[in-house]
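K.L.:
Residue numbers (our numbering), protein chains in the order written: chain A, 1 to 436; chain B, 437 to 872.
#1: Report the CB separation of residue 397/A from residue 356/A in whole angstroms; it is logged as a contact under 8 Å.
#2: Whose CA, out of 722/B, 688/B and 718/B, lies closest to the CA of residue 708/B?
#3: At a Cβ cut of 8 Å, what residues of the region 136-168 of chain A count as close to chain D, listed as they run along the chain?
#4: Using the Cα positions of residue 306/A and residue 197/A, report the straight-line distance between them to the nearest angstrom.
#5: Kindly indicate which three-state DSSP category residue 943/B falls into: helix, strand or coil?
#6: Could you spell out the range, first to last residue, of the beta strand (DSSP E) harbouring residue 659/B?
#7: Taking residue 847/B as the reference, which of 855/B, 452/B and 836/B has the closest Cα?
#8: Mind pulling the chain A residues with CB within less than 7 Å of residue 483/B?
#9: Mapping the DSSP letters down to three states, classify residue 710/B as helix, strand or coil.
#10: Taking the alpha-carbon positions, what's the residue 264/A to residue 274/A distance?
#11: Determine, for residue 564/B, whether the minimum Cβ-Cβ distance to residues of chain A falls below 7 Å.
#12: Does the region 466-485 of chain B come into contact with the region 585-595 of chain B, if we say contact requires no fewer than three beta-carbon pairs (one atom in each stretch) closer than 8 Å?
#13: Please give me, in chain order, every unbroken run of the alpha helix (DSSP H) with length at least 4 that falls completely inside the region 93-170 of chain A.
#14: Residue 117/A touches chain B at which residues, Cβ-Cβ below 7 Å?
#15: Using a Cβ-Cβ distance under 7 Å, would residue 85/A count as near chain B?
#16: So what's residue 352/A in DSSP terms, helix, strand or just coil?
#17: DSSP has residue 511/B in a bridge; who is on the other side?
#18: Residue 501/B CB to nearest chain A CB: under 7 Å?
#19: Which residues in chain A sit within 7 Å of residue 509/B, going by Cβ to Cβ distance?
#20: Can you list, in chain order, the residues of its chain whose CB lies under 8 Å from that of residue 71/A, leaving out five sequence neighbours each side?
#21: To the nearest angstrom, report how far apart residue 649/B and residue 362/A are at their CA atoms.
#22: Is the CB-CB distance between residue 646/B and residue 713/B below 7 Å?
#23: With a threshold of 7 Å between beta-carbons, can residue 464/B be considered close to chain A, or not?
#24: Starting from the Cα of residue 46/A, find the closest Cα among 369/A, 139/A and 9/A and give me that residue.
#25: Hey, residue 99/A and residue 579/B are a contact pair by Cβ (cut 8 Å); roughly how many whole angstroms apart?
#26: Got a sec: is the Cβ-Cβ distance from residue 274/A to anything in chain B below 7 Å?
#27: Using a cut-off of 7 Å between C-beta atoms, extract the partners of residue 5/A located in chain B.
#28: Let's test the definition: count the other Cβ atoms within 10 Å of the Cβ of residue 858/B and tell me whether it reaches 16, buried, or not, exposed.
#29: Do you know how far the Cα of residue 19/A is from the Cα of residue 122/A?
#30: Just checking: is the beta-carbon of residue 532/B within a distance shorter than 7 Å of some beta-carbon in chain A?
#31: Report the three-state DSSP secondary structure of residue 772/B (helix, strand or coil).
#32: What are the boundary residues of the alpha helix (DSSP H) that includes residue 378/A?
#33: Please classify residue 229/A as buried or exposed, where buried requires at least 16 other C-beta atoms within 10 Å of its C-beta.
#34: Which of helix, strand or coil does DSSP assign to residue 681/B?
#35: Do you know offhand how far residue 233/A's Cα is from residue 830/B's?
#36: Considering only the beta carbon of each residue, do residue 293/A and residue 82/A sit closer than 7 Å?
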């Protein structure tokens, strides 16, 4: 992409309203703009990151044979009256009345809707278990939205739902999702810790939150250092000994601030880690809470009626954009993990008005394109300082810098955004490093 | 995908509420389920088609350097008060009040929002022209929603917006989009005709609707037969002689029912075609209607203020799913064009309980997977008749059928869904045909 024709309105000044670093950087990098309180528009650079995260989440859901559906944003209030949550939910639910005066709502979550779909579609135990998910915008009318897209009102969430014949099956679905979440976060370049959690308004018997570590995280956590050891994830396959693996994780001490236990922590000694974290996922097992109320019943092998056992599994997709920035930035800007970066490499032309320099850049850009490497090419009529600052700010993992001197020497400067390391290479060698 | 674990609840009976063929087939094929009046959930098969269409639309927008953004669904009423449309829009707009009593709305379109983003981001003539689009759910509270997703209330639309310095630039953006639309529909396997249209509530000076031909289409149209000649599209490049090409199209006679002209039609003689069509796109040029009210003003080369000239360009993405079915079906079900089909080929195991047969099917499935060909494998414990009917119903372009006899003969049956042609081939030969 040529920056001269792109839509990437970066800001030099830090907007006064932004209290946390991810919000500041997303505004400054031209990733988002506020539309109204807690509601944001995603500009091209931000949307690319959002889509990349969404795609990793999607692939990991598909990998456990969880099927993608898409439920609408506007739901009927009657459905929520069946579960009893219409009155329970409180002012966070955005309530709407349509032109015929029917009560509707903007879905804050989808337990009722997916249970209805299941109930209307599946009649036999033969078609169970089922795992279904969707990635859709939700609305929660926070009383005081803040921290940009980290705590917005309209947000993108992946929510999955499991349907099983019995508790053992439901536990297995829960375990599948548990391990899948750890894999998802690892692919996103994050260290995630699962923690036993309250079930809150979703209800249920078992629940874990997934927190990722970030120095600027919203909550303090304490855990056994083994909780950060994800090495064994590589070898696990979706259907084998999941219970054991989940147990390995959940038996270890891990607690959010309000749950910490001094005695246990003293016993852990040097194995104790304290850190700050950001919640980026939450999973629940809640049995027949919704299936019994919404009639999600199948016929068993002997003709008996079985009310299915359910769980739900959320990942905050838009929230992850902010969480990743909180975990991956420095004083100069964002540092994207390779899996989510909007472009793999930034190409900087230091002298837009020098034909040799521009030709060398155009050639490099063609080479990158031909190799299928997504590059953002700063071909603007701007000073070198502005280009360096913008490129560091937007955080692409690699930079190729070409100026009159490098053209003369037949090299390019190849920069690692994270370490700042700068090496001189031939264009071909730089290309090979990016391909590798 | 193995059908035994998939979520594809097909129906044998035709649902009584469905008045048109696309609605009937989408319900029967397990592509959608109604959530409430005019609001639908997309099940896995339907969602795959929706995503495929979305991706073709996206690629053709990207190809003309139109940049993807994503605006939220919930907008501030104040923004619409600035343009004067908040009061004008009437009961089709879903109006919402948030917990603080602020007037909000579910966007039926996005002229105001994109103009505000542009106005807050672009200050210099150097950064114009700009083409921006997004693919987002919209809500129009139709008084009588019907025809399934063809006339739903919550629907997915691609809307693009152009920003230019003068009328000539705006006309060029309009032309780019005009040609891009014709290419988009062609890639989707559709014959589209652009027709001069009223500008309606968007307003403006120039507008075209794009109708695709379908025997069951909602409106009758008449046109010069040359309007259906898209051959020249292949060679056009986005920046060359677009005006001439648009003119070639727009000078030809083409009229919806209420606009037909008897005298012109008589003169056309055998060049006149009458057909039925479905509207799947609408483009508008409306000058400074929104930019003047929302302050989308840039500084020109001599320091002068320029109010930008705008256009907007819509494609009904979810509507296209229905429109394609209206154009592509027979008595047995849907017939997907290759570009949008949810799976390229359906694999039918005629004898689930015969090990040789199942082994042959499993092998074929592996071959397809390894070749990167998306296959839906009917491995269910069902009768052959049910499998044939379901596979014809869901409309994958190709079928591979394997039964005990074909195993004995070392062949597979290879069926073209559209023509019904059935040939006997080796597994390898079938694979090669699908790869080609």
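All C-beta atoms in this analysis are idealised placements derived from N, C-alpha and C, irrespective of residue type, glycine included.
P.N.:
Taking the coordinates as given:
#1: Here residue 397/A corresponds to residue number 397 of the first chain, with the count starting at 1. Here residue 356/A corresponds to residue number 356 of the first chain, with the count starting at 1. So it is not a contact: roughly 28 Å between Cβ atoms.
#2: Taking the first residue of the second chain as 1, we reach residue 708/B at position 272. Selected option, being the one with the closest Cα: 688/B.
#3: This model lacks chain D altogether; the protein chains it does include are A and B.
#4: Walking along the first chain from the start, residue 306/A turns up at place 306. Walking along the first chain from the start, residue 197/A turns up at place 197. CA-CA distance, residue 306/A to residue 197/A, rounds to 28 Å.
#5: Outside the modelled stretch of chain B, which goes from 437 to 872, sits residue 943/B, for which no answer is possible.
#6: Looking up residue 659/B in the second chain gives position 223. Membership of residue 659/B in the beta strand (DSSP E) is indicated by the continuous run 655-660.
#7: Here the question's residue 847/B lines up with position 411 in the second chain. Out of 855/B, 452/B and 836/B, 836/B has the C-alpha closest to the C-alpha of residue 847/B.
#8: Here residue 483/B refers to the residue found at position 47 of the second chain. Result: 68, 69 and 70.
#9: Along the second chain, one-based indexing puts residue 710/B at 274. Strand, per DSSP.
#10: Counting from 1 along the first chain, the entry for residue 264/A is found at position 264. Counting from 1 along the first chain, the entry for residue 274/A is found at position 274. Cα-Cα distance, rounded: 13 Å.
#11: Translated into positions along the second chain, residue 564/B becomes position 128. With 7 Å as the cut-off, residue 564/B does not count as an interface residue toward chain A.
#12: With a cut-off of 8 Å, the region 585-595 of chain B and the region 466-485 of chain B count as touching, because enough Cβ pairs lie within range.
#13: Within the region 93-170 of chain A, the complete alpha helix (DSSP H) runs of at least 4 residues are 111-121.
#14: Taking the first residue of the first chain as position 1, residue 117/A is located at position 117. Near residue 117/A (Cβ distances below 7 Å), the residues of chain B are 469 and 477.
#15: Numbered from 1 along the first chain, position 85 holds the residue referred to as residue 85/A. Chain B, which has no Cβ nearer than 7 Å to the Cβ of residue 85/A, makes this no.
#16: The sequence position of residue 352/A within the first chain is 352, counting from 1. Assigned with DSSP and collapsed to three states, residue 352/A falls in coil, not helix or strand.
#17: In the second chain, counting from the first residue as 1, residue 511/B sits at position 75. According to DSSP, residue 511/B bridges with 541/B.
#18: For the purposes of this step, residue 501/B is identified with residue 65 of the second chain, where counting begins at 1. Look at residue 501/B: its C-beta is under 7 Å from a C-beta on chain A.
#19: Here residue 509/B is taken as the residue at index 73 of the second chain, counted from 1. Listed by position along chain A, the residues whose Cβ is nearer than 7 Å to that of residue 509/B are 73, 137 and 154.
#20: Counting from one through the first chain, the residue named residue 71/A turns up at place 71. Within the same chain, residue 71/A has close Cβ partners 107, 110, 113, 114, 117, 134 and 136.
#21: Locating residue 649/B in the second chain gives position 213, where the first residue counts as 1. Locating residue 362/A in the first chain gives position 362, where the first residue counts as 1. Distance between the alpha carbons of residue 649/B and residue 362/A: 44 Å.
#22: Mapped onto the second chain, residue 646/B falls at position 210. Mapped onto the second chain, residue 713/B falls at position 277. No, these two residues do not count as a Cβ contact at 7 Å.
#23: As a position in the second chain, residue 464/B is number 28, starting the count at 1. The beta-carbon of residue 464/B is placed no less than 7 Å from the nearest beta-carbon of chain A.
#24: On the first chain, residue 46/A is found 46 positions in, with the first residue counted as 1. Just measuring C-alpha positions, the residue of 369/A, 139/A and 9/A sitting nearest residue 46/A is 9/A.
#25: Counting from 1 along the first chain, the entry for residue 99/A is found at position 99. Counting from 1 along the second chain, the entry for residue 579/B is found at position 143. With 8 Å as the limit, residue 99/A and residue 579/B qualify as a contact, their Cβ atoms being about 7 Å apart.
#26: Within the first chain, numbered from 1, the residue matching residue 274/A stands at position 274. For residue 274/A, the answer is no, since every Cβ of chain B falls outside 7 Å of its Cβ.
#27: Your numbering for residue 5/A matches position 5 in the first chain. Going along chain B in sequence order, the residues near residue 5/A (Cβ under 7 Å) are 501.
#28: In the second chain, the residue the question calls residue 858/B occupies position 422. Under this definition residue 858/B is an exposed residue.
#29: Translated into the one-based positions of the first chain, residue 122/A becomes position 122. Translated into the one-based positions of the first chain, residue 19/A becomes position 19. Approximately 48 Å, taken between the alpha carbons.
#30: Here residue 532/B refers to the residue found at position 96 of the second chain. Residue 532/B counts as touching chain A.
#31: Reading the second chain from its first residue, position 336 is the one you call residue 772/B. In the structure shown, residue 772/B sits in coil (DSSP, three-state: anything other than H, G, I, E or B).
#32: Counting from one through the first chain, the residue named residue 378/A turns up at place 378. DSSP places residue 378/A in no alpha helix (DSSP H) but in the uninterrupted beta strand (DSSP E) bounded by 375-378.
#33: As a first step, residue 229/A is located in the first chain; it is residue number 229 there, counting from the start. Result: exposed.
#34: The residue you call residue 681/B lines up with position 245 of the second chain. Reduced to three states, the DSSP call for residue 681/B is helix.
#35: As a position in the first chain, residue 233/A is number 233, starting the count at 1. As a position in the second chain, residue 830/B is number 394, starting the count at 1. Each residue's alpha carbon lies about 38 Å from the other.
#36: Start at 1 with the first residue of the first chain, and residue 293/A comes out as number 293. Start at 1 with the first residue of the first chain, and residue 82/A comes out as number 82. In contact: residue 293/A and residue 82/A (Cβ atoms closer than 7 Å).
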